[in-house]
Amino acid sequence: MRNYAMRFLHVQITFNVLMCAAVALAGAIRGVVTDSYNTPLDSVKVTVEDAAIATYTDASGLFTLECADTGQVGLTFSAKDFISESISVRCVGSDTSLMVRMESAIRVLEKMTVVATSAPSRLEEISRTVSVKGEEELKNTHAQSLGDALKDMPGVQLAEQGPNVTKPVIRGMTNQRIVLVRDGSRHEAQQWSNHHTPEVDIADASRIEVLRGPGSLLYGSGALGGVVLVKSPPIRTSRDGARPVGADVAYQFFSNSEQHAGHVGLHGAWPWGAWRIDASGRNAPHFAVPGENHFLAKQAAGEVSDSVPTEFAGFKQYNFRVITGISKEKYEITLRGTHYWEEQKLIGEGHWHNSGGPAGGPWYHVGEPILSPTLHQKLQINTKLFAGNHTFTFDIAGQHDHRRGIPGSIGVQVDLKNYFATSNGRWRHAFNPKFPGTVGVNISRKHDRTGGVEVLIPDHNTTYAGLFLLQELRLTETFTGSIGLRGDIRDYEIFQTRMTEGFRPYIPTTLRGTTVDSIPSLFVEGADRMAVPSFSVGFSWKPRPLPFSVAGNFGTGFRLPEPNELAILGAHHGSYEYLVGLAVTDPREGSIIIDDIASFRETAYNSDLIFRSSHKHINTECALFYNRLVDYIYAKPTGEFIRFSRISALPVKEYVRTNAHVYGMELFGSVAPLSGLSLELGFDITVGEILDDVFDSDEDGEVERWLPGVQPPRLIGGISFGRRFVSSKWIENASLSFGAEGYLAQNRLAEFENVLRKDSHDNNVLFPPESYVLFNAGAQVELILFSNVSTISIEGKNLLNTEYTSHLSNYKGIAKNPGFDVSIKASISL
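So the sequence shown is numbered by the numbering used here: it starts at 382 and just counts up by one.
Here it is as structure tokens:
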């Protein structure tokens, strides 16, 4: 027995010696983990696959793992906000050194898009022109509105009417030709006037994607100019690293408008779900312009009388939102509720055409401001089901909008109500990974009701259903094609309703030479059903290993006119226009019967050719586009005015149809020559031209063939530098940025487009186009306070207080654009 024990002891000792030798022979794996800017990453988890062994990197990004055996070892690197990396390493008799780079999950997400393909796709591989703003960029933005957040994107500029009253103009189109999609469901509201802004609080957006060019294939009627997709903050469970309970607080101040803005958010999470409650608001009482007329209303009130309101152009906004949802391996369900209220304070018509100068000049002829309060309420349910290579998405939403126009103290003049319900279903399939596709269906119903004294548009209902199929063809590793088909059916019904009071009627051009003294009332009715097909084909070619790619797309889009474009007849005081609808031929008839609404359909045939290049730290994109428009409807300036008082006159515009085309170029590039240093440069130009016969209506000896409302050529650039402080206990990141925006004068003017008033001899006075350059700068620092990250930033706009008027401003000829503005923002996450 003793000999057996001694033998066993010898065997055990020999085995242990051999194991120790094996470990010694295997050595260790040592390495450093950095981000894409070569900054060391702390607390990265390094796990050995198929073994219960893990370690973490230190503050210098270093880690060490002892090899338990020779041979291949699988390692996984994981960290919050970074894409996990998996590599295979061979353990040998000596130490093995590694250099591992992890890419930010946020930056990877920003390179993806769903607005153009209905499923996550890399931006450089799609056949459409898309721009993206991600969560970090929007979290730190100083934008005051949705439009303000988009204005630096290629091909996007702003239609403006005072502080915060902005909306995007994409490739010369805005209003009903831009579709807004909120969390997967179409956002439908009154958008036919320049001051009808999207009812979206920029504090609620965690991601924005902009598709430039027609998007009717996926989104149906109206997407002739583009699509703006806005996403709310996603549901993050505790499995995703979210805290059980947390809070976000932010405050902003803007010097120009003396605006205060704030946001408070509470959120919680559990392993399979999460919730979030947000409240935000802002108050901008006025805006300041360069020159002696600094704060518009204050000067007016001080010089006229104490009874005149002290503020003539302002903006208020309050928003409340609740989100809750569950997230499982096989499905996700999210419930969202939004209550949004805003009040625009627009310069009243009493200010109209007071051209400048000291006493007796601007703002001395005072009229009361026009208030335009808007209520937006929405309830939405989003559902996703995951089944292998298939994803099913279902979205159901209902919304209510109420917009009013209240000129001064005379009561509600315009009262518009909108009720909208929509449901969407999409099936993303991948029977063969090389040929994924999407099948989608949409059914929607909209009711519009109008009241008040100025009944500018008739009551109407719209019902529409659409079915689309989008198929991707990944033919080779370098070439991908796509083809899509869509069919839409729309029911259009206009109710008989009183349209306008018989007050100083305008005589349409079809009735010149006749006398129209009064119109007791005007009635409109009509109904129609139409079926519309759409299609799209595209390709993306990225030859390897060359650092460039080529993409192209050809597709169609369509739009049915809004009832106001057909039947409006009256003064729209909020936008300083007297408008005459397309179907208004003889208002003395007392009624308008529209029995063929489908004949007024707009159609677009769009082509894009895109060149992209990405080499090391240099990225460029050049997009050439051509959009042929058939039966394009627009409000044509006539050069005539309707005078309501001694100091008030509104320009008359008639809705007309024409064939036209819009074409141009968008060029953008960025370079990061050093870690943290980035330079960007962009140029875009859009040209809109009428193709039908055009006459010299203004008798100036020239025939202006240009479409109105097209943005001028623009050159933008910027430089930024950021640094991450790894060893600091108080500062995590800091950055500086400088930028410039240069706008050329828009000399491609439609006839009478810049005729904004008459002189004392009743001659047209032309408002000259302007060229101008604006300079901006900003600084930001992220501080660590009590283990929480706090961000403080400052941004200066129009640093030189340049005096200018945007071509797309609805206050053109009335007020200059805002001058020098400094905004300060502070936020903290708890």
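Positions of the beta carbon are idealized from the N, C-alpha and C atoms, including for glycine. These figures come from a predicted structure and were not determined experimentally.
Once you ignore the five residues that flank residue i on each side, which residues in its own chain have a CB closer than 8 Å to its CB?
{"i": "Ser-574", "result": "Asn-556, His-953, Gly-955, Ser-956"}
{"i": "Arg-663", "result": "Gln-525, Asn-545, Gln-633, Gln-640, His-641, Ala-642, Gly-643, Phe-696, Lys-697, Gln-698"}
{"i": "Ala-409", "result": "Thr-445, Leu-446, Glu-447, Cys-448, Asp-476, Thr-477"}
{"i": "Ser-602", "result": "Tyr-845, Asp-869, Arg-871, Val-913, Phe-939, Arg-940, Leu-941"}
{"i": "Gly-654", "result": "Ile-616, Thr-618, Thr-705, Gly-706, Ile-707, Ser-708"}
Ignore the nearest five residues each way along the sequence and tell me which others in residue i's own chain have a CB closer than 6 Å to its CB.
{"i": "Arg-1027", "result": "At Arg-1027 the pLDDT is 48, less than 50, meaning the model places this residue with poor confidence and gives no usable figure here."}
{"i": "Val-834", "result": "Gln-794"}
{"i": "Thr-781", "result": "Note that residue 781 corresponds to His in the displayed sequence, not to Thr. Once the five neighbours on either side are set aside, the close Cβ partners of His-781 are Gln-758, Tyr-800."}
{"i": "Gly-606", "result": "Ile-551, Arg-552, Met-554, Arg-558, Ile-559"}
{"i": "Glu-723", "result": "Gln-698, Thr-755"}
{"i": "Ala-660", "result": "Val-645, Phe-701"}
{"i": "Ala-1207", "result": "Tyr-632, Ile-1173"}
{"i": "Glu-1163", "result": "Glu-1113, Asn-1114, Val-1170, Thr-1172"}
{"i": "Arg-855", "result": "Lys-815, Thr-861"}
{"i": "Ser-917", "result": "Leu-598, Gly-865, Gly-936"}
Since I believe residue j is in contact with residue i (beta carbons under 8 Å), could you give me their beta-carbon distance rounded to a whole number of angstroms?
{"i": "Gly-528", "j": "Ser-478", "result": "Their Cβ separation, rounded to whole angstroms, is 51 Å, which puts Gly-528 and Ser-478 out of contact at 8 Å."}
{"i": "Phe-1064", "j": "Leu-1096", "result": "5 Å"}
{"i": "Phe-992", "j": "Phe-929", "result": "7 Å"}
{"i": "Phe-458", "j": "Val-427", "result": "6 Å"}
{"i": "Val-703", "j": "Ile-658", "result": "5 Å"}
{"i": "Pro-666", "j": "Asn-1182", "result": "Between Asn-1182 and Pro-666 the Cβ distance is about 20 Å, and since that is not below 8 Å, they are no contact."}
{"i": "Met-534", "j": "Val-608", "result": "13 Å between Cβ atoms; not a contact."}
{"i": "Gly-951", "j": "Arg-509", "result": "Contact doesn't hold; Cβ gap of about 40 Å is too wide."}
{"i": "Asp-582", "j": "Tyr-721", "result": "6 Å"}
{"i": "Gly-1150", "j": "His-1188", "result": "Note on residue identity: the sequence assigns Pro, not Gly, to residue 1150. Yes, Pro-1150 and His-1188 are in contact; Cβ-Cβ is about 6 Å, under 8 Å."}
{"i": "Ala-1121", "j": "Leu-1088", "result": "About 28 Å separates the two Cβ atoms, so there is no contact after all."}
With the cut-off set at 8 Å, would you say residue i and residue j are in Cβ contact?
{"i": "Ala-530", "j": "Lys-514", "result": "yes"}
{"i": "Leu-960", "j": "Lys-1017", "result": "no"}
{"i": "Ser-1204", "j": "Phe-696", "result": "no"}
{"i": "Leu-561", "j": "Val-511", "result": "no"}
{"i": "Ala-650", "j": "Ala-669", "result": "no"}
{"i": "Asn-1169", "j": "Ile-1209", "result": "yes"}
{"i": "Phe-849", "j": "Leu-837", "result": "no"}
{"i": "Val-626", "j": "Val-645", "result": "no"}
{"i": "Ser-441", "j": "Gln-453", "result": "no"}
{"i": "Ile-751", "j": "Gly-779", "result": "no"}
{"i": "Val-1154", "j": "Gly-1123", "result": "yes"}
{"i": "Val-1091", "j": "Thr-1067", "result": "yes"}
{"i": "Asn-1008", "j": "Gly-1050", "result": "no"}
{"i": "Thr-415", "j": "Arg-482", "result": "yes"}
{"i": "Ser-566", "j": "Glu-516", "result": "no"}
{"i": "His-576", "j": "Gln-542", "result": "yes"}
For residue i, I'd like the list of residues in its chain whose CB is within less than 7 Å of its CB, leaving aside the five on either flank, ordered along the chain.
{"i": "Asp-977", "result": "Asp-909"}
{"i": "Gly-832", "result": "Asp-796"}
{"i": "Asn-521", "result": "Gln-1161, Thr-1172, Ser-1174"}
DSSP three-state call for residue i: helix, strand or coil?
{"i": "Phe-981", "result": "helix"}
{"i": "Gln-557", "result": "helix"}
{"i": "Asp-529", "result": "helix"}
{"i": "Ile-875", "result": "strand"}
{"i": "Leu-1211", "result": "coil"}
{"i": "Leu-947", "result": "helix"}
{"i": "Glu-1151", "result": "coil"}
{"i": "Lys-612", "result": "strand"}
{"i": "Gly-1214", "result": "An answer regarding residue 1214 cannot be provided, because it is not within the stretch 382 to 1211 covered by the chain."}
{"i": "Leu-598", "result": "helix"}
{"i": "Ile-1205", "result": "strand"}
{"i": "Asp-585", "result": "helix"}
{"i": "Leu-519", "result": "helix"}
{"i": "Asp-439", "result": "coil"}
{"i": "Glu-1002", "result": "strand"}
{"i": "Leu-766", "result": "strand"}
{"i": "Ile-487", "result": "Unreliable placement is indicated for Ile-487, whose pLDDT of 48 sits below 50; no coordinate value is reported for it."}
{"i": "Leu-1130", "result": "coil"}
{"i": "Leu-504", "result": "helix"}
{"i": "Asp-621", "result": "helix"}
I want to check one thing, is the minimum distance from the CB of residue i to the heavy atoms of the ligand ADP below 7 Å?
{"i": "Val-591", "result": "The ligand ADP is not part of this structure, which contains no ligands at all."}
Q) Does the region 1168-1177 come close enough to the region 595-610 that 3 or more CB-CB pairs lie under 8 Å? A) no
Q.
Does the structure place the region 824-831 close enough to the region 795-812 that three or more beta carbon pairs sit under 8 Å?
A. yes
Q | Three or more C-beta pairs below 8 Å linking the region 929-941 and the region 979-993 | A | yes
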